[in-house]
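Asks: What follows is a structure written as structure tokens; I'll ask about it next.
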Amino acid sequence: MDSDKLVVCRCEDVTLAEVLAAIREGARDVNSIKRLTRAGMGLCQGCICESLLEGILRAECGALPAAKAFLTARPPLSPIGVIDILNAKTS
Ligand code: FES
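According to the working numbering, the stretch in the sequence shown is residues 106 to 196, in order.
Shown next as structure tokens:
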């Protein structure tokens, strides 16, 4: 399969080719890949793609202790009410 078309992170539309490029640039843990590609920054916060990123790291670099580090979640800066969201969509 073409690594340019294989999407690893669906939320941020990050491909395998982009993840491999990040590893070639020196990323050795999932958070480094996240910073370089935005993989794991999407709506699911890495729930779907984190294990894929770890697997790709292990396949490319072998077992790295830092590769097991979990993605750091980024909660919203302040809570937003549902009514505010609904009003924003209609206006
Ligand atoms: S699939 Fe990567 S953040 Fe959701």
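Built from N, CA and C at the ideal position, the CB exists for glycine as well.
1. Start and end of the alpha helix (DSSP H) containing residue 166?
2. By the 10 Å Cβ neighbour count, where 16 or more other Cβ atoms means buried, how is residue 146 classified, buried or exposed?
3. In the DSSP assignment, what residue or residues form a beta bridge with residue 120?
4. What separation, rounded to the nearest whole angstrom, lies between the Cα atoms of residue 166 and residue 185?
Replies: From the atom records:
1. 155-166
2. buried
3. 112
4. 41 Å
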